[in-house]
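Residue numbers (numbering that gives the first Met the number 0), protein chains in the order written: chain L, 0 to 171; chain W, 0 to 171.
Here's the structure, in structure tokens; my notes come after.
2 protein chains.
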Amino acid sequence: MSHAGICTSYRPRELAITSQHVTPKPMDAEEPWMRGLHADTGYLLYRLGLRSGQLFNTFLQESGLRLRHYAVLRYLAGAEGALQRELSTRLGYDPSAIVGLVDDLERLGMTERRPSPDDRRSKIVVLTEDGRAFLRGTDEAGRRVTNDLLAPLDTAERETLQALLLRVVDRP
Amino acid sequence: MSHAGICTSYRPRELAITSQHVTPKPMDAEEPWMRGLHADTGYLLYRLGLRSGQLFNTFLQESGLRLRHYAVLRYLAGAEGALQRELSTRLGYDPSAIVGLVDDLERLGMTERRPSPDDRRSKIVVLTEDGRAFLRGTDEAGRRVTNDLLAPLDTAERETLQALLLRVVDRP
DNA sequence: GAGCAATAATTGGTGACGTCAATAGTTGTT
DNA sequence: AACAACTATTGACGTCACCAATTATTGCTC
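Spelled out as structure tokens, the structure:
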């Protein structure tokens, strides 16, 4: 049950052995696997998203945090306090996920939950001084991650990419 | 006869990539959450990768497959047979994941495992006629997914984005 | 002003996913 | 003949996205 829920484990039955096999393919610019998959921008985004997440997480590994915690911290750094509901919608994480993330950050002393004066259901998450210090200490290393990821691009191309991605992600 | 093997180097054709294709978004967004997170291209990629994967999976939901199965099928469509090891390195999935994916596809009758005549350790995964038919039937719908994702961009901008992402993803 | 729908935070469960460790069978090398 | 490297495979572990249900609180409405 490691992978698929849509099927049980399948044991390959006896297959007819044919001497026919794959035909060697010249590796020109029209590589078939290129046409098949990497021609799709959506799939490219999915793929690079995975790689980006991995890079971030390995970078954060020593600090004991993960990308999602880091996202919360950086959002709070620019917001000076945010409702958990706000974190959920802004960062795109499930409300239940926010609970665990803020729990972790609180345990590490990087954030605090304060009661909202307007609505006693809500809680306001704010950065502590320790949280701010952590962000200052990792700011430069964080940039290095993106720098590494976008190594093949020069400065102008990176700005172009950034602008394009912003347009795509900011769609309401 | 030697199999095509694994291509280790691919050089994307040169494209004129300038920022003229994109209208830079006026950072009028004094929005603090802009400064905090979306200023980071790496995080943008991570986020859009998630959204892209979700879109693909919901699109594939009715067919009983998921994005990873679809990736295998599309790769096979352009390769005319591939070793599982090849699928693993090309698609970036763990070899153990490939096993489950091919199991599922085989159970659905979309692929077959054939013994490699060159190496009895390897197995060659090939598309069946059913698999090909599935790809033909979903080809247009698949394009609609990427179309939807990139809705805010015009044609020129999409080509620019595609070229930039290709450069980033093809790094060894 | 008393019910009632909506909301914020929370808990729990489920399936999908990435990663690593280990194994059996096979190949190439020495 | 022995040994290292490789292929497919199984298994386990932790993370993550998604959904349902609960509790406390708010706003609406009749």
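Glycine is no exception: its CB is placed at the ideal position from the N, C-alpha and C atoms.
Item: Is it buried or exposed, residue 51 of chain L, if we count other Cβ atoms within 10 angstroms and call 16 or more buried?; Value: buried
Item: Where are the alpha helix (DSSP H) runs, 4 residues long or more, that stay fully inside the segment 87 to 124 of chain W, in chain order?; Value: 94 to 106
Item: Suppose you measure from the CA of residue 53 of chain L to the CA of residue 151 of chain W; what does that come to, to the nearest Å?; Value: 27 Å
Item: Measuring alpha carbon to alpha carbon, tell me which residue in L:128, L:74, L:37 and L:61 is nearest residue 42 of chain W.; Value: L:74
Item: I think residue 231 of chain L touches residue 167 of chain W, with their Cβ atoms under 8 Å apart; what is that distance to the nearest whole Å?; Value: Since the first residue shown for chain L is 0 and the last is 171, residue 231 of chain L is missing from the structure and cannot be characterised.
Item: Could you tell me the distance, in whole angstroms, from the CA atom of residue 163 of chain L to the CA atom of residue 142 of chain L?; Value: 19 Å
Item: Is it a yes or a no for the segment 62 to 79 of chain L touching the segment 62 to 82 of chain W, going by three-plus beta-carbon pairs under 8 Å?; Value: no
Item: Could you check what DSSP says for residue 81 of chain L in three-state terms: helix, strand or coil?; Value: strand
Item: Just the Cα atoms here: how many angstroms apart are residue 160 of chain W and residue 83 of chain W?; Value: 30 Å
Item: Rounded to the nearest angstrom, what separates residue 169 of chain L and residue 157 of chain W at their Cα positions?; Value: 16 Å
Item: Under a CB-based cut-off of 9 Å, is residue 120 of chain L close to chain W?; Value: no
Item: Identify the continuous alpha helix (DSSP H) that holds residue 161 of chain W and give its terminal residues.; Value: 154 to 168
Item: Applying a beta-carbon distance threshold of less than 7 Å, which residues of chain W neighbour residue 94 of chain L?; Value: Chain W residues near residue 94 of chain L: none, gap ~17 Å exceeds 7 Å.
Item: Between the segment 81 to 97 of chain W and the segment 113 to 131 of chain W, do at least 3 Cβ pairs fall closer than 8 Å?; Value: yes
Item: What number of angstroms, rounded off, separates the C-alpha of residue 58 of chain W from the C-alpha of residue 139 of chain W?; Value: 11 Å
Item: Judging by CA-CA distance, which residue of L:118, L:155 and L:137 is the nearest neighbour of residue 66 of chain L?; Value: L:137
Item: Between residue 99 of chain W and residue 45 of chain W, what straight-line distance do the alpha-carbon atoms span, to the nearest angstrom?; Value: 25 Å
Item: Quick check on residue 108 of chain L: buried or exposed, where buried means 16 or more other Cβ atoms within 10 Å of its Cβ?; Value: exposed
Item: Can you grab the Cα-Cα spacing for the pair residue 3 of chain W / residue 93 of chain W, in whole Å?; Value: Unreliable placement is indicated for residue 3 of chain W, whose pLDDT of 30 sits below 50; the coordinate value is still reported in the next sentence. Rounded to whole angstroms, residue 3 of chain W to residue 93 of chain W spans 21 Å at the Cα level.
Item: Give the straight-line distance between the Cα atoms of residue 117 of chain L and residue 129 of chain W, rounded to the nearest whole angstrom.; Value: 60 Å
Item: Would you mind telling me which residues of chain W sit closer than 8 Å to residue 70 of chain L, beta carbon to beta carbon, in chain order?; Value: 36 and 42
Item: Can you tell me where the alpha helix (DSSP H) with residue 139 of chain L in it begins and where it stops?; Value: 128 to 148
Item: Of all the options L:111, L:146 and L:144, which has the alpha carbon lying nearest to the alpha carbon of residue 131 of chain L?; Value: L:111
Item: Measuring CA to CA, which of W:36, W:120 and W:155 is closest to residue 90 of chain L?; Value: W:36
Item: Is residue 48 of chain W helix, strand or coil by DSSP?; Value: helix
Item: Which value, in whole angstroms, describes the spacing of the CA atoms of residue 40 of chain L and residue 102 of chain L?; Value: 36 Å
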